[in-house]
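What follows is one structure encoded as structure tokens, with my remarks underneath.
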Amino acid sequence: MPSICTLDHSSKPMQHQAFKWTWRISHPKHKPSSGQTILIGEPLTDYEQTTSTTSACPLMAFFAPCVKFLGSRSFAISYGDNGQTQGRNNVSAWNVQTSDEFLRVEQVVRVGWKVRTPFELKMAENGVRQPAVADTEFGGIQLQQNANRADVPLGASAPEDKPGPSVPKRFQLANGNKAVADADKDRGGQVDVSEHLMPVDQVAAKYGTGINSQHPAESPGLTNEEAQVRLERDGPNQLTPPTKRHWVLRFLDILLGLFNLMLLISGVAAYILYGIDPVNNFQNVYLGAILIGVAFLNAFIEFYQIQKSQSILESFLNLIPSKSYVVRAGKLSQISASELVKGDVVYIKMGDKVPADVLLFSCNELKVDNSSLTGEAEPQERSKTNTMKAPLEATNLVFNGTLAVNGDGYGIVIRTGDDTVIGQIASLTSNEQRRSSPLSTEINHFVHIIAAVAAVVAIIFFLVGMTAKNLGFSYSLNFAIGTFVSFVPEGLPATVTMLLTFAAKRMAVRNVLVKDLQGVETLGAITMLATDKTGTLTRNQMTVTYMWTGGIRYYAQGKDLPTAEQGHSTLLDIGTTGVAELLYMSALCSRAKFDRDDVPVDQRQVIGDATEAGLLRCAATRLDSFDTLPRTFPKVFEIPFNSENKWHLTVHKKGHDSGDMMLYIKGAPERLLRLCDKIWNGREITSLTDADKANFEETYKFMASKGHRVLAFAGLPLPREHYTADYEFTKEPANYPQTGFVFYGLVSLEDPPKHGVREAIGHCREAGIRVMMVTGDHPLTAEAIGRKINLMIEDTREMVAIKRGKRPEEIKDDEYDAVVIHGEQIDSLTDADWERIYSKREIIFARTSPRHKLDIVKRAQSRGHIVGVTGDGVNDSPALKKADLGIAMNQSGSDVSKEAAAMILLDDNFASCVNGIEEGRLIFQNLKKSIQYTVTHTMPEVFANLMFLLVPLPLPLSSVLILVVDLGFELFVALAYAFDPPESKNGLMKLPPRKPVTPESTVRLRRDEARKLRHQGEDGVEVNPGFVAHTTHWIKSWSRLLTADYWAELFEEKDEEVLVDMNLLSWSYLEAGSIQTIGCFVSFFVVQYYYFGVTPYDLQQNATNWGKGTYTLASGRTLTAEEMATSLAFGQSMYYLSIMFQQMFNHFICKARLGIPFGSFMVENKWSFYGLAAGAIFSMLIVYIPPLNVAFDTEYHLLPLFWLIPIAFGVFLYVYAVIRTVIIRMRSPVQYNPEIRGLQMYATRWSAK
């Protein structure tokens, strides 16, 4: 193979020094004249090729390199052509190691979609070669190596007098460790906005629009003509819907899958045989109809499930308002929001949905609800100024689809349509593909193996019948179809679907709505649950927790003082003057109000800010005169809270000793304290001292450390001589007191955990499921909530450092088990950093963006985790879609999150997840029981055909009766497993996950994934590498069967539990299958001997002509053709019933997976008895109803006395199962999860009363 690329590592890769690689490029068709030297690690901007290779080697034609340092000692390099539209697909990648002497390629981590010519990447100095996987049309290489954290441009070394070309923007790294060819279109959800850091006049000039900051309503804006030009150039302000494939083609894809295709082919073949010989193949009419019907039924069920998840984008479209106010040519008008263009000046008022991403240049007390984007519970204030670097935290930006809840403002449209944040999230969501569920993966794997084995055996039997046995084409093909039918569990797809459906209905009763049936079992299989905070773990309702006044800290939650608060806090007492005054201030110094006053407080809805709503509820539940306060003490003057003052001031007509009016003010504690010179000390008003300030600082720090929102309250009695009853207050000029206030105290509020969350997370931990928080909130707030609800028990590195009196960097990784990661760190995390994070038992991610949440899910999945994600906002939707199981909230969740999720919690209670996990684990156990039960009857069916060919014997079980077994009696009984209770009431949630993530499992996963990379892109989607490469890969895959490594990997010891394991296969095919087969043949022989004196020898001698002419038995009796047919009908009837009776015993045997098959759980499921009764009645009808004897070749004269034979074998099977289970459990007892230290399982009771 010719070498296209050779790397020459010519200097040591020191952390802060430049190091050089030499690339030598060759190609089978293009021989370059020389190489190229590239310098990495210094801020170089020049680029030069040492000699021109453009004509000789298009692979090297003006390579445009760029390097992006990804974190501590990590970077990535991307190459591509500068003149062609290469696209993001033409990238290949390797992980590499460096030493002082060489650079070694470790493994391929990413391949291109379009494979052209294979090439090698090799070491020039030591000759180490590592085959690469793909050479794209123009070539492209991405490397990852260790270096320092920084953004460094990459160029070729060049003389100073020869400047090289600049790096094309589309080859620059747009996000973290992913090289993206088109940075403008493929950022993957990163918020690429910089206008919030620019002067507003500069932004207006950039977009060619006119603004008037002093009088925004008089802004010129764009002209109508210019707006029309931009609309035609950029397109409408709409989200681009994804292309959809026609439903007929999608249905055909499913129908023509391997399993269904083989059923269709068998059914068609049965009809062809009927057409050739209608007399001898009359049963093929029923056989073909059943096979084709089953194929269509399986396809319809799967298609129906897929169709239910096609409307995600429609919910995004619902977020975009239909109308918008815009200033064009100096006039304010209302237009369709889809007609907005970049540069338009828009007007946004309270109640409006923001129509695009807008930079504000004028605000009047504007607040927006960003909870759907950032997860923050409180509405966010907006102003025309900004000091925040992160766009989502910028105070002068409002985003498309968010809601203005207060005030109004003017701004410049800077992003429209797909370029908006909501558009990027929609793109992320629609482009992400959920992995196949663990259940579907395992079932598909099992079914494909069974189908392949069945097809191979059927072909072999057909060829043997044609050649060695001379049975003829029709007879041999009919026999091959029967063999195939006996192998394939035709009823399995329907059984699995019905079991999942029943489980989904039970889950709905427990407030868990399943959109995707596979999600029923996936929830039970998850190993990691990533949950949002606001609205999921917490109530999204601010609640007063502490009050501090008069030097005393009061606890305001509930009627009892928790043990942890005893000695530190006092239960809230409204009889205390300071407390009563704080409650009055909370009620009067507020813009929030109840929607009605004719119902109890707990039934009212609050209109207003979330923080003020919490204060209002606290006051309303404790002040008897609350409803009359606004009338008793009317408000005469108010200055609302704003981002500049950071306080809210009101004046009320409230008499006191020195006057008739009272001033109240609340706001930011540090700001308000500076305005006070007196304090209420619990008895009287005194001067504010340094000791008071120290107490204030200590209390404020305590409240803030809990992650609470803290407000300070102050007041001032207005003297009558200065402020008469008819005094008129004005803002400009300010004629009200601005200093000299009396400080009354602090109030802290929090968004409290929901009821039962602590216990739910505790149960998850007991079940071996790791729960991590992924939120847009502040890290301190997230950690404080996490420690309240069992999510975080262990110490973080910072906490360990404080306890030991060391610096955090001195604490080793193995000395702490909890981490809190800020979203700003995520983009710079290396693979080693991610490994370190996920090695910790307790994880919180804070200040995360939608892209961050998606990356977190992908990283967890790459380690082998089966990830569940809960969320309720638009920002959660990409992660909900990508997760193995997305779980949305019903009441607080957005339409987008509900559509993206596979499951919805109807009561918005995280605790319902525990119910779902328990149901998921139970349905997995029941599915396994059902499959073990169903597959067991395969051996009697297969051996019936095998003995026909090898001995030979007349066919003991026809193909139609095989289908009657699979789709008749067995289906009734198998479905009953859906209602089986757990073997142990408490043990189900004490078992570890069935696929636990361990270092060994991660190694196995990455080893398997490395093999798949040849035919997969970065997102795991299969690609077409070309016929030759695909064929080569297929041959290599099958050739692995001949290697020792394959068999070593197949039988290596694993901790995971799969749906169909060796224990199940051993029981079904080898042990129980063999016993049942013997029982069926004994019954088959005994019945025929009893009625007609036919011995096995007689059957063997005349097998191929049985039922034709006459035959003299070994005993001397001569049978006619009709008697031989009747004898065989007796035998087939008994063989069929023998399967049924023995399977009845096997049904109860399969109920026990953890212990011996004895106990109350064996008989608790009444549906088992209904299923057995229904199946038995069905089987008896097939045998004992004369009209059905014609269709199924059965005999109604069969005496019930012969039932005792299979019953005896069933009893023997049961005894054998008990002895077997005892031996297995002695050697391998069931392992339960150990108790968790520090786990608090007392209830989370939070009340506003």
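In the working numbering, the protein residues as written are 1 to 1249. No residue lacks a Cβ here, since even glycine has one placed at the ideal position from N, Cα and C. No experiment lies behind these values; they were computed from the predicted model shown.
The DSSP-derived three-state label of Leu791 is coil. With the rule of 3 Cβ pairs closer than 8 angstroms, the stretch 354–366 counts as touching the stretch 397–416.
Non-local C-beta neighbours of Leu880 in its own chain, meaning closer than 7 angstroms and more than five positions away in sequence, comprise Val869, Gly871, Gly886, Ala888, Ser897, Ala900 and Ala901, ordered along the chain. Taken through DSSP and simplified to helix, strand or coil, Gly873 comes out as coil.
For Thr936, same chain residues with a beta-carbon under 6 angstroms away, outside a window of 5 residues either side, are Ser1068, Ala1072, Gly1073 and Asn1146 in chain order. Of all alpha-carbon atoms in Ile301, Met585 and Val771, the one lying nearest the alpha-carbon of Lys840 is that of Val771. The stretch 274–281 and the stretch 461–470 do not touch, with fewer than three beta-carbon pairs separated by less than 8 angstroms. With contact defined as three or more Cβ pairs closer than 8 angstroms, the stretch 796–808 and the stretch 549–563 are not in contact. By alpha-carbon distance to Glu1057, the top candidate from Leu991, Pro737, Tyr546 and Gln1088 is Leu991. CA-CA distance, Tyr1089 to Met1134, rounds to 12 angstroms.
When C-beta atoms of the stretch 919–926 are compared with those of the stretch 514–528, three or more pairs fall below 8 angstroms, so the two segments count as touching.
Taken in chain order, the complete alpha helix (DSSP H) segments of 4 residues or longer contained in the stretch 828–885 are 831–838, 850–862 and 877–882. Scanning its chain for C-beta atoms nearer than 7 angstroms, with the 5 sequence neighbours on each side dropped, one finds around Ala394 the residues His196, Asn386 and Met388, in chain order. For Thr1077 and Met939, the gap between their C-alpha atoms comes out near 6 angstroms. Assignment of Leu499 by DSSP, reduced to helix, strand and coil, places it in the helix class. The way I'd put it, the stretch 715–729 does touch the stretch 648–658; three or more beta-carbon pairs between them come closer than 8 angstroms. Exposed is the label assigned to Lys806, since fewer than 16 other Cβ atoms lie within 10 Å of its Cβ. Inter-residue distance for Arg245 and Gln238 is about 21 angstroms (C-alpha atoms, whole angstroms). Taking 8 angstroms as the cut-off, the beta carbon of Ser912 is found closer than this to the beta carbon of Val512. Around Val1094, the same chain offers Gln1088, Leu1113 and Ser1127 as residues with beta carbons nearer than 7 angstroms, after the five sequence neighbours per side are excluded. In the DSSP assignment, Lys653 falls within the beta strand (DSSP E) that extends over Trp647 to His656.
Distance from Arg671 to Lys646 at the Cβ level is roughly 5 angstroms; contact confirmed, criterion being Cβ atoms closer than 8 angstroms. DSSP lists no bridge partner for Pro630. With the rule of 3 Cβ pairs closer than 8 angstroms, the stretch 538–549 does not count as touching the stretch 448–460. Under the rule that a run must span 3 or more residues, the beta strand (DSSP E) segments found entirely inside the stretch 893–945 read 903–905. Look at Trp1047 here: in three-state DSSP terms it is helix. About 5 angstroms separates the beta carbons of Ala454 and Phe484, which is inside the 8 angstroms limit, making them a contact pair.
Beta-carbon to beta-carbon, Arg617 and Val606 are separated by about 7 angstroms, close enough to satisfy the 8 angstroms threshold. The C-alpha of Val1230 is placed about 47 angstroms away from the C-alpha of Asp1193. In the assembly as shown, Leu256 is an exposed residue. Its beta-carbon has fewer than 16 other beta-carbons within 10 Å. In this chain, the beta strand (DSSP E) harbouring His822 covers Ala818 to His822. A contact is defined here as three or more CB-CB pairs under 8 angstroms, and the stretch 559–577 fails this definition with respect to the stretch 752–765.
Apart from sequence neighbours up to five positions away, the residues of its chain that approach Gly330 with a beta-carbon distance below 6 angstroms are Pro220, ordered along the chain. Judged by beta-carbon spacing, Tyr736 lies within the 8 angstroms limit of Val651, meaning their Cβ atoms are closer than that value. Between Glu490 and Val294 the beta-carbon gap is near 5 angstroms, inside 8 angstroms, which marks them as a contact. Listed in chain order, the non-local C-beta contacts of Pro850 below 7 angstroms within the same chain comprise Gly189, Ile425, Leu428, Asn875 and Pro878, local neighbours out to five positions each way being set aside.
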